[in-house]
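Asker: Heads up, the sequence shown is in the UniProt record's numbering, so the first residue is 1 and it goes up one at a time.
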Amino acid sequence: MRKIAVIGLGRFGMTLAKTLSASGVQVVAIDRDGKAVNEIKDDVDVAVRGNSTDQSVLLSQDLDKVDVCVIAIGEQFESALLTTVLAKQIGIPEVICRAQSEFHAEIFQKIGADKIIQPEKVSGESLARQLSNPQLVDFIQLADGFTLMEFRAPKTFHGKTIRDLSLRNRYEVNLVVIRRETAEKTNPEEEPVLETIFPRADEELRENDTLVVVGSDEALTRLPRE
């Protein structure tokens, strides 16, 4: 199970933490505001009131063992910067920072943030989808509760036919198309050339295939992630 820390429980951080937890991710939520911590404590695995610019606070919650740390501190830019530096120092593999402007984004990038998001461009729900499913490539919300999703075929799908997988019966999702690399890349920096394959029952999935499926949000969370 993926473990993700969310530091800063404003509207964006609160939505992100709750959505991640509902998607089956182990969430550690941290904020200085006791009211925000009380609001979320029943929705996540761990909710802690603390100062994220204090390294001992981060280590006391084993943040050096999380897969991802999202720093969603909005108003206190200096605190966000210091927290980012500490998160990198304790060895968190992926540190994602919320930036309120392009200028802030540039600074986060310079101090080592792995990814920068801006709330007006990426919603909490959208980021939660990406973080909870590492295989996710892209998605489009079709209607309330239904999504078209593109994701990399997990290892458990490799070498199996569409008939074997029985996606509709087993997961209640419909496979629309398969996107497959046509040839090996000679240059690692080149974008792969993809062909679109309309699925047949005897079509066997390969390692680098991506699948485009449609289904309810609840059904899509049941798809394998590894």
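Glycine residues also receive a C-beta, built at the ideal position from the N, C-alpha and C atoms. All figures in this text were calculated on a predicted structure; none of them were measured in a lab.
Do the CB positions of Leu136 and Phe151 come within less than 8 Å of each other?
Answerer: Counted from its first residue, the sequence shown places residue 136 at position 136. Counted from its first residue, the sequence shown places residue 151 at position 151. Yes, Cβ-Cβ distance for Leu136 and Phe151 is below 8 Å.
Asker: At which residues does the alpha helix (DSSP H) containing Gly13 begin and terminate?
Answerer: Here residue 13 is taken as the residue at index 13 of the sequence shown, counted from 1. Looking at the DSSP string, the run of the alpha helix (DSSP H) that includes Gly13 is 11–22.
Asker: Thr221 and Gly24 look like a contact to me (Cβ under 8 Å); what is the Cβ gap, rounded to whole Å?
Answerer: Counting from 1 along the sequence shown, the entry for residue 221 is found at position 221. Counting from 1 along the sequence shown, the entry for residue 24 is found at position 24. Correct: roughly 7 Å between the Cβ atoms.
Asker: Taking DSSP's pairing of strands, which residues face Gly215 in a bridge?
Answerer: In the sequence shown, residue 215 corresponds to position 215, counting from 1. Its beta-bridge partners are Thr147, Val173.
Asker: When the Cα of Ile73 is compared with those of Ala36, Asp64, Gln61, which residue comes out closest?
Answerer: Residue mapping note: residue 73 aligns to position 73 of the sequence shown, counting from 1. Considering only alpha carbons, the answer is Ala36.
Asker: Give me, in chain order, the residues of the same chain whose beta-carbon lies closer than 8 Å to that of Ile40; leave out the 5 immediate sequence neighbours on both sides.
Answerer: The residue labelled residue 40 in the question sits at position 40 within the sequence shown. Same-chain partners within the cutoff: Leu9, Met14, Ala17, Lys18, Ala29, Ala47.
Asker: Does Gln26 come out as helix, strand or coil in the three-state DSSP assignment?
Answerer: If you number the sequence shown from 1, residue 26 lands on position 26. Strand, per DSSP.
Asker: Which whole runs of the beta strand (DSSP E) in the stretch 36–74 are 3 residues long or more, in chain order?
Answerer: List check, beta strand (DSSP E) in window: 46–49, 68–71.
Asker: Judging by CA-CA distance, which residue of Asp62, Ile71, Leu148 is the nearest neighbour of Arg11?
Answerer: The sequence position of residue 11 within the sequence shown is 11, counting from 1. Of the listed residues, the one whose Cα sits closest to Arg11 is Ile71.
Asker: Alpha carbon to alpha carbon, how far is Val27 from Glu195? Give it in angstroms, no decimals.
Answerer: As a working mapping, residue 195 is identified with position 195 in the sequence shown. As a working mapping, residue 27 is identified with position 27 in the sequence shown. Roughly 38 Å separates the two Cα atoms.
Asker: Could you tell me if Ala5 is buried or exposed, where buried requires 16 or more neighbouring beta carbons within 10 angstroms of its beta carbon?
Answerer: Against the sequence shown, residue 5 aligns to sequence position 5. When all chains shown are included, Ala5 counts as buried.
Asker: For Ile197, count neighbouring Cβ atoms within 10 angstroms of its own Cβ and tell me buried if that reaches 16, exposed if not.
Answerer: Locating residue 197 in the sequence shown gives position 197, counting from the first residue. By the 10 Å Cβ count, Ile197 comes out exposed.
Asker: Find the nearest neighbour of Glu172 within the set Lys155, Ile107, Gly215, judged by alpha-carbon distance.
Answerer: Along the sequence shown, one-based indexing puts residue 172 at 172. Of the listed residues, the one whose Cα sits closest to Glu172 is Gly215.
Asker: For the candidate residues Ala80, Thr156, Asp33, Lys65, whose alpha-carbon lies nearest to that of Gln109?
Answerer: For the purposes of this step, residue 109 is identified with residue 109 of the sequence shown, where counting begins at 1. Answer by Cα proximity: Ala80.
Asker: For Arg163, does the three-state DSSP call read helix, strand or coil?
Answerer: Position 163 of the sequence shown, counting from 1, holds the residue named residue 163. If DSSP states are grouped into helix, strand and coil, Arg163 belongs with the helices.
Asker: Taking just the CA atoms, how far does Ile117 sit from Gln100?
Answerer: Against the sequence shown, residue 100 aligns to sequence position 100. Against the sequence shown, residue 117 aligns to sequence position 117. Each residue's alpha carbon lies about 9 Å from the other.
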